[in-house]
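Taking it in order: structure first as structure tokens, then the write-up.
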Amino acid sequence: MNQGTHPEELPAEVLDDVASVAGAEVTLLSRLPGGVNGGALRVQLAGRADAVLKAVPRAHPNHLDETLRAQRVVEHMRGRGYPTPAWLGVGATAAHVWHLMDFVDAAPAPELTPSLVEQLMEIIELQAGQASEPYDHWSYAWRVATGQESAVAGQDVPPPREAPDMVHADLSTPSNVLVRDGAVVAVVDIGNAGSGTRATDLTTLVWYTFQDPLLDDVRRRLWTRILDLVGWEGAAVLAATQILHMLEIPIRHGRHDVVPGVVKRGHRALDELATPP
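Reminder that position 256 of the sequence shown reads as 256 in the UniProt record's numbering, one-by-one numbering, no gaps.
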């Protein structure tokens, strides 16, 4: 993930670009809580409601195109009742890419609970058959899990049988789930969304349910749903991808003290998958 920009570090040209696209003067109000990568700022648009601005350094030449892709996913999914805030604008300067979205008066979920997992499972069902962009998370999972660009003939684990789903790809990060009075009111940080199987997001939820024994029962329901959607082989591909991704993050950031815990959790996940409910 890209490191977000602190309010005091936000270049004036970014605010100027946002104001030009939004058609209103933009005033920085505060940093929003939560977020692995930070960078979400509450702003005021002159004469209009508050909004959320996220500006990150350009990471590669296609960064703006990828953000525009995410905007199209948001528009498509909102039209089908998916609870994610509307995007008000997207733009870029020479050094930054930004997007502006509606402000939602709700707090990031501090932790998963059985109720929140059940609600998120229902929200994930809204993704069924809703792939609208050719950004293939299933092929990505296959490459990560096997190290191969494509499977050997006759040994492929096929993509999901149903029409491709929309995949959020970062749904379970607590700051990406906004709640009010125990109810999920929005899911955000949709920038990596694409196509594949919604079992990808269910597998990510499985990973975070290991943090609390009270989530053991709901995790069994998650495994059952994943197996229904993609079968044992597909579930193994998604579980391996999740484990390797969770190992890569602390290793990349020099947090080697975290690695043993990730390995232990990975063993638990694979042991459960080997003896499904």
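Built from N, CA and C at the ideal position, the CB exists for glycine as well.
Just so it is clear, the structure is predicted and the values come from calculations on it, not from any experiment.
- DSSP, read as helix, strand or coil, puts histidine 168 in coil.
- Where valine 188 is concerned, there is no enclosing beta strand (DSSP E), because DSSP gives it neither an H nor an E.
- Judged by pairs of C-beta atoms under 8 Å, the segment 229-245 touches the segment 188-205, as three or more such pairs exist.
- Residue environment: aspartate 257 is assigned as exposed (fewer than 16 neighbouring CB atoms within 10 Å of its CB, all protein chains considered).
- For proline 57, the enclosing beta strand (DSSP E) starts and ends at 50-57.
- Out of Pro250, Thr146, Arg220, Trp87, the CA that lies nearest to the CA of glutamate 118 is found in Arg220.
- Taking the CA atoms as reference points, valine 259 sits about 23 Å from proline 110.
- Per the Cβ contact rule, the segment 175-187 is not in contact with the segment 131-143 (fewer than 3 Cβ pairs under 8 Å).
- Counting of Cβ neighbours within 10 angstroms places alanine 59 among the exposed residues, the total staying below 16.
- Listed in chain order, the non-local C-beta contacts of valine 188 below 7 Å within the same chain comprise Thr84, Pro85, Asn176, Leu178, local neighbours out to five positions each way being set aside.
- Inter-residue distance for glycine 89 and glutamate 248 is about 32 Å (C-alpha atoms, whole angstroms).
- When secondary structure is reduced to three states using DSSP, alanine 92 falls in the strand class.
- Contact annotation, leucine 270 with alanine 239: C-beta distance approximately 6 Å; criterion of less than 8 Å satisfied.
- The alpha-carbon of serine 115 is positioned some 44 Å away from that of alanine 94.
- A Cβ-Cβ contact shorter than 8 Å links alanine 169 with alanine 193.
- Across the set Met246, Leu171, Glu133, Ala12, the C-alpha of Glu133 shows the shortest separation from the C-alpha of valine 73.
- Secondary structure within the segment 188-233: the beta strand (DSSP E) runs of 3 or more consecutive residues, fully enclosed, are 194-196 (chain order).
- Under the 10 Å beta carbon count, glutamine 211 is surrounded by fewer than 16 other beta carbons and is classified as exposed.
- The beta carbon of aspartate 50 sits closer than 8 Å to the beta carbons of Leu29, Arg42, Val43, Gln44, Phe103 from its chain, once the five residues preceding and following it are set aside; these are given in chain order.
- Bridge pairing for leucine 68: absent [DSSP].
- Of Ala55, Trp87, Glu149, Arg78, the smallest CA-CA separation from leucine 126 is found for Arg78.
- When DSSP reads this structure, valine 184 sits in a beta bridge with Val179.
- Each residue's CA atom was taken as its position, placing valine 18 and arginine 69 some 18 Å apart.
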